[in-house]
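A.B. asks: Let me give you the structure first, and then I'll get to my questions.
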């Protein structure tokens, strides 16, 4: 049963209350709002990156002293992924989302006000820890979406999450350039409170899952899933390698464009972030295609496309700007397609454990980014662009090899079996739902004809 009051005090809007006889309709509006919430909350992790110089000047310290701020916010985020997102399988997710947004928004006030670097660093860690709302929204979208729209629904939220990464960097850099870094955090605080109010009127009150599990039980079962489920392990390893390649491109792009023959300015390099945004916006359209095919095929097809774009970088990235532009668009689109496909593969392991599964996938993503950043920077600086992008090409090939160990219809408990179950491409058409009344996000009842 779901409570009709948030935190036992505030009444849940009537149109958001759970009713077995009139399920809430997860339509385009609700899906888009989930995406907007994800965009503005994940941005908390990236506002600091373009303004480290401003922070050093404001606190009167060297650049080296503030260089650990991005690490702290990411470390906090990693802690939140491990300790907070699994709660989505235990508590009411509406209340969890509202509480996390409230805390992160309130903490951001401290970032805008404090004059102490130590306090700024502590608050930064806590903001990262509580900014895991997108990783609760993704499995919630998968739970609420109809069977024939789950991949498309998660693709929209995932695209918004990726857009938020780029949006935060661009917005923060522009504001700090014309005003002050404090204005960045005042705006971030305002956006989060807007999200909080909007979420109260929009996030449905879905009943709790797994009523018999304790918090310790949730964490233990998550760890058990991560080492005993072949499908989850395959998906997580592929996502880890995929994000090694993703960070390989974006981390080394600045080095590449600063060198001959380009010698681009910081502004010119920043414009590639806009190209990345365009690639992200194309992602949901491919996500809709994934609703009609088995996710393994989506991951394999995207991997093949990524091999092509990685090869373009190996052949011509340091010779002409055209291959870089082409790769910027292609790598972002198909990296996102890969991520959505892999997450939907993993969700099939246990629909009642989607928050824990998403936590495992998110930690894999995070580890992949850490490895990719470290290895790519070292290889680029020591051996140059061609060896660096050749390494990413090899990583992409490894991802494809991992996928081929288990085919599209391999049983969930089978470790190796690419031929098991056949190679059928298209999903069976979903049976038409019964014409029961539905409720839109605004509470209006509508009947499917």
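In this note's numbering, the protein residues as written are 1 to 449.
All C-beta atoms in this analysis are idealised placements derived from N, C-alpha and C, irrespective of residue type, glycine included.
Because the structure is a prediction, the values reported are computed rather than measured.
#1: To the nearest angstrom, how far is it from the Cα of residue 134 to the Cα of residue 152?
#2: Below 8 Å on the Cβ atoms is my guess for residue 76 versus residue 127; work out the distance and round it to an integer in Å.
#3: Can the beta-carbon of residue 450 be found closer than 8 Å to that of residue 417?
#4: Would you kindly work out how many angstroms separate the C-alpha atoms of residue 52 and residue 62, rounded to a whole number?
#5: Using only CA atoms, which one of 166, 259, 319 and 339 lies nearest to residue 235?
#6: Tell me the rounded alpha-carbon separation between residue 344 and residue 150.
#7: Excluding the five sequence neighbours on either side, which residues of its own chain have a C-beta within less than 6 Å of the C-beta of residue 28, listed in chain order?
#8: Return the CA-CA distance between residue 114 and residue 108, expressed in angstroms with no decimal places.
#9: Just to confirm before moving on: does the CB-CB distance between residue 240 and residue 367 stay below 8 Å?
#10: Between the region 373-380 and the region 195-205, can you find at least three pairs of beta-carbon atoms closer than 8 Å?
#11: Please go through the region 265-344 and give each complete alpha helix (DSSP H) segment of 4 or more residues, from N-terminal end onward.
#12: Mapping the DSSP letters down to three states, classify residue 417 as helix, strand or coil.
#13: Is residue 265 buried or exposed, if buried means 16 or more other CB atoms sit within 10 Å of its CB?
#14: With respect to 7 Å, is the separation between the Cβ of residue 294 and the closest non-hydrogen atom of the ligand NAP below this value?
#15: Please state whether the Cβ-Cβ distance between residue 230 and residue 386 is less than 8 Å.
#16: Taking only three categories from DSSP, how would you classify residue 406?
#17: DSSP three-state call for residue 19: helix, strand or coil?
#18: Skipping 5 residues on each side, what residues in its chain have a beta carbon closer than 8 Å to that of residue 359?
#19: Quick check on residue 24: does DSSP put it in helix, strand or coil?
#20: Which ranges does the alpha helix (DSSP H) cover as unbroken runs of at least 4 residues, wholly within the region 42-104, from first to last along the chain?
#21: Starting from residue 121, trace the alpha helix (DSSP H) in both directions and tell me its first and last residue.
#22: To the nearest angstrom, report how far apart residue 363 and residue 100 are at their CA atoms.
#23: Hey, residue 208 and residue 391: beta-carbon distance below 8 Å or not?
#24: Provide the residue span of the alpha helix (DSSP H) that contains residue 217, from first to last.
C.D. replies: With the given structure in hand:
#1: Straight-line Cα distance between these residues: approximately 16 Å.
#2: Their Cβ separation, rounded to whole angstroms, is 7 Å, which keeps residue 76 and residue 127 in contact under 8 Å.
#3: Since the first and last residues shown for the chain are 1 and 449, residue 450 lies out of range.
#4: Rounded to whole angstroms, residue 52 to residue 62 spans 10 Å at the Cα level.
#5: Proximity to residue 235 across 166, 259, 319 and 339 peaks at 339, based on C-alpha coordinates.
#6: Rounded to the nearest angstrom, the two C-alpha atoms are 8 Å apart.
#7: Excluding residues within five positions, none has a Cβ falling inside 6 Å.
#8: Near 10 Å, if we compare the C-alpha coordinates of residue 108 and residue 114.
#9: Judged by their CB atoms, residue 240 and residue 367 are nearer to each other than the 8 Å cut-off.
#10: Contact between the region 195-205 and the region 373-380 is absent, because fewer than three Cβ pairs lie under 8 Å.
#11: Uninterrupted alpha helix (DSSP H) stretches at least 4 residues long and entirely within the region 265-344 occur at 266-290 and 295-316, given in chain order.
#12: Correct three-state label for residue 417: strand.
#13: Of the residues assessed, residue 265 falls on the exposed side of the cut-off, its CB having fewer than 16 other CB atoms within 10 angstroms.
#14: As for the ligand NAP, it is missing from this structure, which has no ligand bound.
#15: No, Cβ-Cβ distance for residue 230 and residue 386 is not below 8 Å.
#16: The three-state reading of DSSP puts residue 406 in strand, counting E and B together.
#17: Three-state DSSP puts residue 19 in coil, outside helix and strand.
#18: Closer than 8 Å at the Cβ level, and outside the excluded window around residue 359, lie 81, 82, 85, 86, 135 and 222.
#19: Note: residue 24 maps to strand in three-state DSSP.
#20: For secondary structure counted as the alpha helix (DSSP H) over 4 or more consecutive residues, the region 42-104 holds these complete runs in sequence order: 52-59, 63-66 and 69-83.
#21: For residue 121, the enclosing alpha helix (DSSP H) begins and ends at 117-130.
#22: Computed Cα separation, rounded: 19 Å.
#23: No, the Cβ-Cβ distance between residue 208 and residue 391 is not below 8 Å.
#24: It spans 215-228 - the alpha helix (DSSP H) in which residue 217 sits, taken as one unbroken run.
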